[in-house]
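In the numbering used here, the protein residues as written are 217 to 501. Let me begin by presenting the structure, written as structure tokens, before commenting on it.
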Amino acid sequence: MRVLVTGASGQLGSEIKSLSKKFTHNEFFFEDSKGLDITDSKRVDAYIADNNIDTVINCAAYTSVDKAESEEETAERVNGEAVKNLVQSLSKKKGKLIHISTDYVFNGKSYIPYKENDEVDPIGVYGKTKRKGEEYLLNSEIEGVIIRTSWVYSSFGNNFVKTMLKLGEDRNELNVIFDQVGSPTYAKDLGELCLNLLDKDFNTDSKIYHYSNEGVLSWFDFAKAIMEISGKTCEVYPIETKDYPTPAKRPNFSLLNKSKIKKDFGIEIPYWRDSLKMCINEIES
217 MRVLVTGASG QLGSEIKSLS KKFTHNEFFF EDSKGLDITD SKRVDAYIAD NNIDTVINCA
277 AYTSVDKAES EEETAERVNG EAVKNLVQSL SKKKGKLIHI STDYVFNGKS YIPYKENDEV
337 DPIGVYGKTK RKGEEYLLNS EIEGVIIRTS WVYSSFGNNF VKTMLKLGED RNELNVIFDQ
397 VGSPTYAKDL GELCLNLLDK DFNTDSKIYH YSNEGVLSWF DFAKAIMEIS GKTCEVYPIE
457 TKDYPTPAKR PNFSLLNKSK IKKDFGIEIP YWRDSLKMCI NEIES
């Protein structure tokens, strides 16, 4: 299998690149926006044809949630139109697409974990543009899956865990939001899933699956755990969302129900705290 991984310099793309060494029966091509602009349909067509790509793992995304509110056109191109380009190019080769999406397609007003077929209602530009990308795949005939995930972190790139570790070194105390609830996702766990899915049959009843680490917590709980596991003495205090205003609204509840992906593909999902320990060990080593 000849596999293109887009967004290769991001958190998930970097983890997949590191993990891919164990999947030697596939040939991988790793590209970021400098090497391949997936918003350019002609370049996507040429790249997939020239390299005889039959599968794409699309990790590329415009993920600056707050900046997206003022850069809607850019977010639309990367999160929406680029997926359309990949779908159209792959359809010519009967190729497969694994596309990464987000919990932000929901409005966060639920009180039970979101299932794949629950109504979507994104409350910000980021979520709306990611939903557009989903629709391009859902309305196509190609073999593919959408994996919605949440609160992604990694030893690569910039993320909440690395920010907390740095602030824990520099400050004695921090205020962190406690009324936004969900579950974090270690990008290495998600990357392993994506690579294992390459050999699976995607012709299932649903093209959408949910994946995050097991468990439920708030950002406050997450920050507390980061300090405890890393041995930082920085005190973390809970605050409400209204006390930390941002340009983009976040869903207050974005816990994802993962029973479908576990049942259909027979996988076990690591507990969030176990994965967090692994990531912190990786960062500190």
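All C-beta atoms in this analysis are idealised placements derived from N, C-alpha and C, irrespective of residue type, glycine included. This structure is a prediction, so every number in the text was calculated from the model and none was measured.
Only counting the same chain, and skipping five residues up and downstream in sequence, which positions put a Cβ closer than 7 Å to that of residue i?
| i | result |
| --- | --- |
| Val294 | Thr255, Ala276, Ala277 and Tyr278 |
| Leu354 | Lys423 |
I'd like the list of long-range same chain contacts for residue i, defined as Cβ closer than 8 Å, with 5 residues on each side in sequence excluded.
| i | result |
| --- | --- |
| Leu390 | Met380, Leu383, Gly384, Ala439, Cys450, Glu451, Val452 and Tyr453 |
| Leu472 | Asp319, Pro329, Tyr330, Arg364, Thr365, Ser366, Gly398, Ser399, His426, Tyr427 and Ser428 |
| Leu235 | Lys404, Gly407, Glu408 and Leu411 |
| Asn267 | Arg218, Leu220 and Phe245 |
| Pro338 | Tyr320, Val321, Phe322, Asn323, Lys344, Lys346 and Arg347 |
| Asp334 | Phe322 and Ser326 |
Per DSSP, residue i is paired with what?
| i | result |
| --- | --- |
| His426 | Arg364 |
| Arg489 | Beta-bridge pairing links Arg489 to no other residue. |
| Glu351 | Answer by DSSP bridge pairing: none, since Glu351 is not bridged. |
| Leu390 | Val452 |
| Glu359 | Lys312 |
| Thr462 | None, per the DSSP bridge assignment. |
| Leu220 | Phe245 and Val272 |
| Pro469 | Looking at the sequence shown, residue 469 is not Pro but Phe. Phe469 pairs with Val397. |
Can you grab the Cα-Cα spacing for the pair residue i / residue j, in whole Å?
| i | j | result |
| --- | --- | --- |
| Tyr460 | Ala265 | 48 Å |
| Leu252 | Phe245 | 11 Å |
| Gln396 | Ser307 | 39 Å |
| Glu498 | Ser371 | 6 Å |
| Asn301 | Glu285 | 23 Å |
| Leu313 | Leu413 | 11 Å |
| Ser475 | Glu332 | 10 Å |
| Lys310 | Glu357 | 9 Å |
| His315 | Asn274 | 5 Å |
| Asp248 | Ala262 | 16 Å |
| Ser470 | Lys448 | 28 Å |
| Thr457 | Phe239 | 43 Å |
| Lys344 | Asn468 | 17 Å |
| Ile362 | Val260 | 20 Å |
| Ala464 | Gln227 | 22 Å |
| Val495 | Ile485 | At residue 495 the sequence reads Cys, which differs from the Val that was named. Rounded to the nearest angstrom, the two C-alpha atoms are 15 Å apart. |
| Met217 | Asp480 | 22 Å |
| Thr462 | Asp386 | 23 Å |
| Ile269 | Ile232 | 17 Å |
| Ser501 | Lys250 | 30 Å |
| Lys416 | His241 | 14 Å |
| Lys283 | Asn375 | 16 Å |
| Leu433 | Tyr369 | 15 Å |
| Asn388 | Asp437 | 17 Å |
| Ser225 | Glu287 | 21 Å |
Taking 8 Å as the cut-off, decide whether the C-beta atoms of residue i and residue j are in contact.
| i | j | result |
| --- | --- | --- |
| Trp488 | Gly407 | no |
| Gly223 | Val281 | no |
| Tyr402 | Ser326 | no |
| Ile442 | Val377 | yes |
| Val336 | Val321 | yes |
| Ala324 | Ser230 | The sequence shown places Gly at residue 324, rather than the Ala named in the question. No, these two residues do not count as a Cβ contact at 8 Å. |
| Leu220 | Val303 | no |
| Gly360 | Phe418 | yes |
| Ala291 | Tyr352 | no |
| Ser317 | Lys346 | yes |
Looking only at its chain, what residues have a beta carbon closer than 6 Å to the beta carbon of residue i, apart from the 5 residues adjacent to it on each side?
| i | result |
| --- | --- |
| Lys348 | Gly296 |
| Trp435 | Val392, Ile393 and Gln396 |
| Ala493 | Position check: residue 493 holds Lys in this sequence, whereas Ala was assumed. Ile445, listed in sequence order. |
| Ser257 | Asn301 |
| Glu243 | Arg218 |
| Glu350 | Ser317 and Ile362 |
| Arg466 | Gln396 |
| Glu289 | none |
| Lys237 | none |
Got a sec: is the Cβ-Cβ distance from residue i to anything in chain B below 8 Å?
| i | result |
| --- | --- |
| Asn391 | Although the question refers to chain B, the structure presented lacks it and comprises just one protein chain. |
ask   = Mind pulling the beta strand (DSSP E) runs of 3 or more residues that sit fully within the region 275 to 347?
value = 312 to 318
query = At which residue ranges does the region 394 to 460 contain complete beta strand (DSSP E) runs of 3 or more residues, listed in the order of the chain?
reply = 424 to 426 and 451 to 455
inquiry  = Ignoring anything shorter than 3 residues, give me the beta strand (DSSP E) runs that lie fully in the region 238 to 272, in order along the chain.
reply    = Listed in chain order, they are 243 to 247.
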